[in-house]
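Asker: Next up is a structure, given as structure tokens.
Here's what the structure looks like:
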């Protein structure tokens, strides 16, 4: 950065790294995109009509609270409408949590590895951050470390990313009870899991559960997420929220997608079916593969000669990329560097993936 | 707030007030809405088609940089694409400026009154704020006060709100030259003005000009804004930007609206025509009325008996509200308390407004 500019920029901003998302191609035409956990199916056909109707009113500001959507979400989870807030993606809500519940003295905690957006948001707010490491790649919750951490706001991704593993609700209840903090359970992938922390809201006021429409509702391009919590916490988050944080079309799109339950169940069933088949395939190869509760699978590639490790994972990642198949590889952590993360695609995409992996196996000893 | 929650919340958040937008009705059906400076015309017919096309790809994340839109905006202003950044409304960009260029030691400056979102954003970032007062309701720029303020980031709304007045470009150039700070010229209303600070970008690297699609492009409901600056500043703002800050449909809507130049010019001409007629009407009544360069008009109501002041302005505001005509009244500052701000509507809306004001005059002495 030029010197003239440096003196206007706070040091925390000068030194920070911004969040790097997975590769987003300009067009999805000729490639198999299994790198950012998008839904392989387009959204419900109800979405297009709802959006089109809304374009007639685009000269008016959106309804600031997205109240129709709050109402429908409250009904879905059998909560009060005062327990729901809507965000421009769940990322917006994670940012509001950091703004409302942290600063240089009130620290933010997260598991490492988990969602790399948390440190990005924390550095933007100049809040302190505590990274809590797993013991090993079983990804068991390091309960004692969390409870004794002294943090003010804790982000727990469940199902966990990038492993796909689901933490036991009893352990989450223990954190809620024993850690004096605001606990955010980031359930971006919970629609693909058997379990959720939302029932814990009936017992604990210091819990926030965040969800997104990006994965299970096929609306990654529309940027809608929500959080459910106690009415007191929702009030704090509403107070720091950008007043028109969700545009009219996204409000309408999310409402329509949520209303079409059969379409949702149909897409979800197809994804769970492909996930099961992928799991069977990888374990049949002898690759250590997490029993995923998300719409992706995390596996440790092994060559025919029995080699595993960073070079092997990188080799497969690059081989797939060469065949226009995009998956995700995280080389920067010891628990992820020997593995790759694959979003679950359509049946045809998964057939292409599996055939290409077989070719890689044959070409690499 | 409950005591259990208070201890998790930083004191600056506990004590702050959130931004209050103008009244947003659930439906615009039966009222004349002239309170939030929306465009009275729906967006270009090209918008609906562009959005509909995009709904087919909503399961994919948006292109993170909104590059097609950056390109079109760069062409419009004859700038490089590296000089443009897109936001979820220009409010998003104002927030990025606060995040990137202020903290407790690097203060934010603004004129008082001007856009009340600036203090909201500043308090969220726990940055210090300097309010700079006007001498009187001529709203002349208090140049010396600004230049000697020692602030790091200065927000200048031009055309000014709520007055509608346009500050001379020579004075803005003087601020750029003499104030060692980042200057943001918030040109939300500049499409309705004769002048812009964008040419100053060829002389100064510390200038940021923000624009919005909410007013002149009839896209308030879609939340799109942009900023133009030096490539160095754009890089800093991109570094603190939410990576998917603008959804697919809003990118497409803004691109389509910007492409339809004749529709834009047509709507603008109608608004300027109605603004001129409204100005003539208010001055013919003897009401002191700013020569507006925006899509609203700021006027000081006078009763038939010659009374002006807070009670008179409030009385007219409430009378109009009783007739389902919504305008804006700012009772909290000595320079605004005796005036009302009226967004320019359609010809029919303005006829209704003027007739209703005549009725008020006849019913109030």
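Protein chains in written order, with the working numbering: chain A, 1 to 365; chain B, 1001 to 1365. For each residue, glycine too, the CB sits at the ideal point set by N, CA and C. Computed from a predicted structure; not experimentally measured.
1) Going by DSSP, what residue range makes up the alpha helix (DSSP H) through residue 1114 of chain B?
2) Please state whether DSSP places residue 1204 of chain B in a helix, a strand or coil.
3) Using the beta-carbon of each residue, which ones in chain A are nearer than 9 Å to residue 1101 of chain B?
4) Using three-state DSSP, classify residue 1186 of chain B as helix, strand or coil.
5) Can you list, in chain order, the residues of the region 137-160 of chain A whose Cβ is nearer than 8 Å to any Cβ on chain B?
6) List the residues of chain B whose Cβ lies closer than 9 Å to the Cβ of residue 232 of chain A, in chain order.
7) Does the distance from the C-beta atom of residue 1083 of chain B to that of residue 1234 of chain B stay below 8 Å?
8) Considering only residues of the region 53-123 of chain A, which uninterrupted beta strand (DSSP E) runs meet the minimum length of 3 residues and lie entirely inside it, listed in chain order?
9) Run through DSSP, which three-state label would residue 1226 of chain B get?
10) Is it the case that the Cβ atoms of residue 1171 of chain B and residue 1200 of chain B are separated by a distance below 8 Å?
11) On the DSSP bridge list, what partners appear for residue 343 of chain A?
12) How close, in whole Å, do the beta carbons of residue 246 of chain A and residue 62 of chain A come, if the pair is a contact with beta carbons under 8 Å?
13) Across which residues does DSSP place residue 33 of chain A in a beta bridge pair?
14) Closest by CA to residue 359 of chain A, which one among A:335, A:320 and A:232?
15) How would you list, in chain order, the residues of chain A whose beta-carbon sits under 9 Å from the beta-carbon of residue 1260 of chain B?
16) I'd like the list of long-range same chain contacts for residue 151 of chain A, defined as Cβ closer than 6 Å, with 5 residues on each side in sequence excluded.
17) For residue 1367 of chain B, would you say it is in contact with chain A, using Cβ-to-Cβ distances shorter than 8 Å as the test?
18) If we cut at 8 Å on Cβ distances, does residue 56 of chain A have a partner in chain B?
19) Based on Cα-Cα distance, which residue from B:1134, B:1356, B:1022 and B:1009 lies nearest to residue 1341 of chain B?
20) Using a C-beta to C-beta distance shorter than 9 Å, which residues of chain A count as neighbours of residue 1263 of chain B?
21) At a CB-CB cut-off below 8 Å, which residues of chain A make contact with residue 1221 of chain B?
22) Taking the beta carbon of residue 322 of chain A as the centre, do at least 16 other beta carbons fall within 10 Å, making it buried, or is it exposed?
23) Less than 6 Å between C-beta atoms, sequence neighbours within five positions excluded: which residues of the same chain meet that for residue 1159 of chain B?
24) Can you name the start and end residues of the beta strand (DSSP E) that residue 274 of chain A belongs to?
25) Does chain B have any CB closer than 8 Å to the CB of residue 253 of chain A?
26) With three or more beta-carbon pairs closer than 8 Å as the criterion, would you say the region 1117-1129 of chain B touches the region 1259-1269 of chain B?
27) Is residue 1275 of chain B near residue 1344 of chain B, with beta carbons less than 8 Å apart?
28) Among B:1309, B:1305 and B:1346, which residue has its Cα nearest to the Cα of residue 1363 of chain B?
29) From residue 1064 of chain B to residue 221 of chain A, what does the alpha carbon distance come to, in whole angstroms?
30) Could you check which residue in A:57, A:24, A:17 and A:29 has the C-alpha nearest to that of residue 1040 of chain B?
31) DSSP three-state label for residue 1156 of chain B, please.
32) Looking only at DSSP bridge pairs, what is residue 1133 of chain B linked to?
33) Could you tell me the alpha carbon to alpha carbon distance between residue 270 of chain A and residue 263 of chain A, rounded to whole angstroms?
34) Judging by CA-CA distance, which residue of A:326, A:51, A:250 and A:17 is the nearest neighbour of residue 30 of chain A?
35) So, residue 312 of chain A versus residue 301 of chain A, is the Cβ gap smaller than 8 Å?
36) Starting from the beta carbon of residue 38 of chain A, find every residue of chain B whose beta carbon is closer than 8 Å, and list them in chain order.
Answerer: Per the coordinate set shown:
1) Residue 1114 of chain B sits at position 114 when you count from the first residue of the second chain. Here residue 1114 of chain B belongs to no alpha helix (DSSP H), and DSSP marks it neither H nor E.
2) Position 204 of the second chain holds residue 1204 of chain B. DSSP places residue 1204 of chain B in coil when its eight states are reduced to three.
3) In the second chain, the residue the question calls residue 1101 of chain B occupies position 101. Neighbours of residue 1101 of chain B on chain A, chain order: 8, 9, 10 and 13.
4) To locate residue 1186 of chain B, count along the second chain from 1; it is residue 186. In the structure shown, residue 1186 of chain B sits in a strand (DSSP, three-state: E or B).
5) 152 and 153
6) Your numbering for residue 232 of chain A matches position 232 in the first chain. In chain order: 1001, 1002, 1004 and 1005.
7) Position 83 of the second chain, counted from the first residue, corresponds to residue 1083 of chain B. Position 234 of the second chain, counted from the first residue, corresponds to residue 1234 of chain B. Going by C-beta atoms, residue 1083 of chain B is nearer than 8 Å to residue 1234 of chain B.
8) 84-87 and 108-112
9) Taking the second chain and counting its residues from 1, one reaches residue 1226 of chain B at position 226. Strand at residue 1226 of chain B.
10) Within the second chain, residue 1171 of chain B is the residue found at index 171, counting from 1. Within the second chain, residue 1200 of chain B is the residue found at index 200, counting from 1. For residue 1171 of chain B and residue 1200 of chain B, no; Cβs fall outside 8 Å.
11) Counting from one through the first chain, the residue named residue 343 of chain A turns up at place 343. Note: residue 343 of chain A sits in a beta bridge opposite A:296.
12) On the first chain, residue 246 of chain A is found 246 positions in, with the first residue counted as 1. On the first chain, residue 62 of chain A is found 62 positions in, with the first residue counted as 1. With 8 Å as the limit, residue 246 of chain A and residue 62 of chain A qualify as a contact, their Cβ atoms being about 6 Å apart.
13) Stepping through the first chain from its first residue, residue 33 of chain A is reached at position 33. DSSP output for residue 33 of chain A lists A:326 as bridge partner(s).
14) Sequence index remark: in the first chain, residue 359 of chain A carries index 359 (1-based). Checking every option, the nearest Cα to that of residue 359 of chain A belongs to A:320.
15) On the second chain, residue 1260 of chain B is found 260 positions in, with the first residue counted as 1. Simply none; closest approach about 13 Å.
16) As a working mapping, residue 151 of chain A is identified with position 151 in the first chain. Contacts found: 107, 109, 130 and 181.
17) Lying before the first or after the last residue shown, residue 1367 of chain B is absent from chain B, which here runs from 1001 to 1365.
18) Working through the first chain from its first residue, we reach residue 56 of chain A at position 56. For residue 56 of chain A, the answer is yes, since a Cβ of chain B falls inside 8 Å of its Cβ.
19) Taking the second chain and counting its residues from 1, one reaches residue 1341 of chain B at position 341. Comparing Cα positions, the closest option is B:1022.
20) Within the second chain, the letter at position 263 stands for residue 1263 of chain B. Those within 9 Å of residue 1263 of chain B in chain A number zero; the least Cβ separation is about 12 Å.
21) Numbered from 1 along the second chain, position 221 holds the residue referred to as residue 1221 of chain B. Result: 54, 57, 58, 59, 60, 61, 62, 247, 248 and 249.
22) Position 322 of the first chain, counted from the first residue, corresponds to residue 322 of chain A. So residue 322 of chain A ends up on the exposed side.
23) Counting from one through the second chain, the residue named residue 1159 of chain B turns up at place 159. Cβ neighbours of residue 1159 of chain B beyond the five flanking positions: 1166, 1189, 1193, 1293 and 1294.
24) As a position in the first chain, residue 274 of chain A is number 274, starting the count at 1. Looking at the DSSP string, residue 274 of chain A is not in any beta strand (DSSP E); the run it does join, the alpha helix (DSSP H), is 261-284.
25) Translated into the one-based positions of the first chain, residue 253 of chain A becomes position 253. So yes, residue 253 of chain A belongs to the interface.
26) no
27) Taking the first residue of the second chain as 1, we reach residue 1275 of chain B at position 275. Taking the first residue of the second chain as 1, we reach residue 1344 of chain B at position 344. In this structure, residue 1344 of chain B lies closer than 8 Å to residue 1275 of chain B by Cβ.
28) Against the second chain, residue 1363 of chain B aligns to sequence position 363. With distances taken between Cα atoms, residue 1363 of chain B lies closest to B:1305.
29) In the second chain, counting from the first residue as 1, residue 1064 of chain B sits at position 64. In the first chain, counting from the first residue as 1, residue 221 of chain A sits at position 221. Rounded to the nearest angstrom, the two C-alpha atoms are 10 Å apart.
30) Residue numbering aside, residue 1040 of chain B sits at position 40 when the second chain is read from its first letter. It is A:57 whose Cα lies nearest to the Cα of residue 1040 of chain B.
31) Translated into the one-based positions of the second chain, residue 1156 of chain B becomes position 156. Correct three-state label for residue 1156 of chain B: strand.
32) Sequence index remark: in the second chain, residue 1133 of chain B carries index 133 (1-based). Bridge partners of residue 1133 of chain B: B:1112.
33) As a position in the first chain, residue 270 of chain A is number 270, starting the count at 1. As a position in the first chain, residue 263 of chain A is number 263, starting the count at 1. If I take the Cα positions, the gap works out to 11 Å.
34) Your numbering for residue 30 of chain A matches position 30 in the first chain. Taking only the C-alpha atoms, the option nearest residue 30 of chain A is A:326.
35) Against the first chain, residue 312 of chain A aligns to sequence position 312. Against the first chain, residue 301 of chain A aligns to sequence position 301. A contact, by the Cβ cut-off of 8 Å.
36) Position 38 of the first chain, counted from the first residue, corresponds to residue 38 of chain A. Going along chain B in sequence order, the residues near residue 38 of chain A (Cβ under 8 Å) are 1059, 1060 and 1061.
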